[in-house]
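Enquirer: No gaps in the numbering here: position 162 of the sequence shown is 161 in numbering that gives the first Met the number 0, and each next residue is one more.
Just so you know, even glycine gets a beta-carbon here, dropped at the ideal spot from N, CA and C.
Handing you a structure now.
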Amino acid sequence: MTPLDPADIVAAARTIREGGLVVFPTETVYGLGVDATNAQAARRVFEVKGRPPDNPLIVHIASTDRLRSVAQPGASCDLAEHLLRRFAPGPITVVVPKAACIPGVVTAGLDTVAVRVPRHPVARRLIEEADVPIAAPSANRSGEPSPTTIAMARHSLGDRADRYLDGGPCDIGIESTVVSVAGNVVTILRPGAISAADIERETPGITAARSADLSDSSTGSPGLRHRHYQPRARVVEVTDGDRSILESVATVLHQRNVALSIVDDARDPLSAVRAIIPDARVREYRDAAECARHLYRWFTELDSEGADTILVRRPESVGIGEALRDRLCRASGGTTLADWLRSIPEPLE
Ligand code: TXA
Ligand code: MG
């Protein structure tokens, strides 16, 4: 990556102020940003992405001090500010009653707005320089994976965006934790790198609950109602108990174009598969954080390489593992090894 010229950020900020669309890096995924107070610009974001109009955008601000410029004062705003003081800048998005300056198109007609303070230095400088809050969904056409490199964003949006700012590959790789707040309860609407346990540990007196059914439109985030990204290849979640099954279906595995996403750990049941089919495509990672960082890029790469099945070990539900499990479950549609084996023809002997 060639280092970003500060003049590019100044020019991009001008594009935002003039109602244009700028692709910019955040620590989670790349965003497609517009002036959050400009309804016409926000409408273009929905058009360009092919995004359903009932799926609201996240508003990005430069610092927690700016929360009250986009939110209405009150108890929720106070609690949201308390959370941001602890976790921002970083991958957390708070849902709060919206201020009048945020048009209904941004919030899909809701009277709440989702707000976050990104940590990526390019994002922060862009928002400061533009001097307006920036509404930004992930920088992909609806139904595609969130881009974690500028190349993925360009491939998805092409010349539909007015400008691109390259900030290198995203550090976290999956979208922010979205929470709503009420009383002293924080409800996780979309899991992300900041977990319920992190929130309870860092903000004593606050209880963090995971929304019981994230696909329930009355409690969950509106975005979760919509089809989530699934690669063309079938994603199959493998658990540690599947090792002996995997060893017994060597012939099946040989006949499929299988890709493996593997923990660099002998306990990973997929390391047994690797021994059986040494020429399988492999993506290796050390831990859940590294898997999250590369996941969307791997999915797009493996699709373009023609993999027909991606076997992934289900991570433990701790730390970012909780959010990674959520994304893997959406990508696999809940397909287990047993489901997959039942669905494919008997191997030819
Ligand atoms: O990490 C991220 O959050 C990235 C970067 C670019 O900041 N953004 C992102 O935006 O993932 P998007 O548009 O792909 O997802 C926004 C999520 C959706 O699930 C949406 O339903 C939810 O936030 N959301 C937005 N406004 C909301 C609101 N008022 N109430 C509940 N959920 C809301
Ligand atoms: Mg998105």
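(1) Just to confirm, does H369 get its C-beta within under 7 Å of one of the non-hydrogen atoms of the ligand TXA?
(2) Taking P88 and R123 to be in contact with their CB atoms under 8 Å, please state how far apart those CB atoms are, rounded to whole angstroms.
(3) How is L340 classed by DSSP in three states: helix, strand or coil?
(4) Which value, in whole angstroms, describes the spacing of the CA atoms of N183 and H81?
(5) Around the C-beta of D215, are 16 or more other C-beta atoms found within 10 angstroms, so that it is buried, or is it exposed?
(6) Buried or exposed: which applies to T366, given that a residue is buried once 16 or more other Cβ atoms fall within 10 Å of its Cβ?
(7) Inspect the beta-carbon positions of R329 and H227 and report whether they are closer than 8 Å.
(8) With a CB to CB cut of under 8 Å and the five nearest residues on each side skipped, what residues in its chain are close to Y160?
(9) Out of P344, V9, P314, which has the shortest C-alpha to C-alpha gap to D130?
(10) Taking only heavy atoms of the ligand MG into account, decide whether any of them is closer than 7 Å to the Cβ of S137.
(11) So, does the CB of R209 fall closer than 8 Å to a CB anywhere in chain B?
(12) Rounded to the nearest angstrom, how far is the Cβ of A306 from that of A232, given a contact under 8 Å?
(13) DSSP three-state call for D34: helix, strand or coil?
(14) What's the C-alpha gap between T308 and E283?
(15) Between which two residues does the beta strand (DSSP E) harbouring Y284 extend?
(16) Going by the beta-carbon positions, is the gap between A38 and P96 smaller than 8 Å?
(17) If you draw a straight line from the alpha carbon of C290 to that of A258, how long is it in whole angstroms?
(18) Can you tell me whether G320 is buried or exposed, with buried defined as 16 or more other CB within 10 angstroms of its CB?
(19) What's the gap between the Cα of A70 and the Cα of A208?
Expert: In short:
(1) Only positions 0 to 348 of the chain appear in this structure, which leaves residue 369 out of reach.
(2) 7 Å
(3) helix
(4) 11 Å
(5) In this prediction, D215 has a pLDDT of 45, which is less than 50 and means its spatial position is unreliable; nothing more can be read from the coordinates.
(6) Coverage of the chain is limited to positions 0 through 348, which leaves residue 366 absent and any answer about it impossible.
(7) yes
(8) At residue 160 the sequence reads Ala, which differs from the Tyr that was named. Only L20, V21, V22, L31, V47, A138, A152 meet the Cβ criterion.
(9) V9
(10) yes
(11) Judged by its chain identifiers, the structure shown contains no chain B, having just a single protein chain.
(12) 5 Å
(13) strand
(14) 16 Å
(15) 280-284
(16) no
(17) 14 Å
(18) buried
(19) 23 Å
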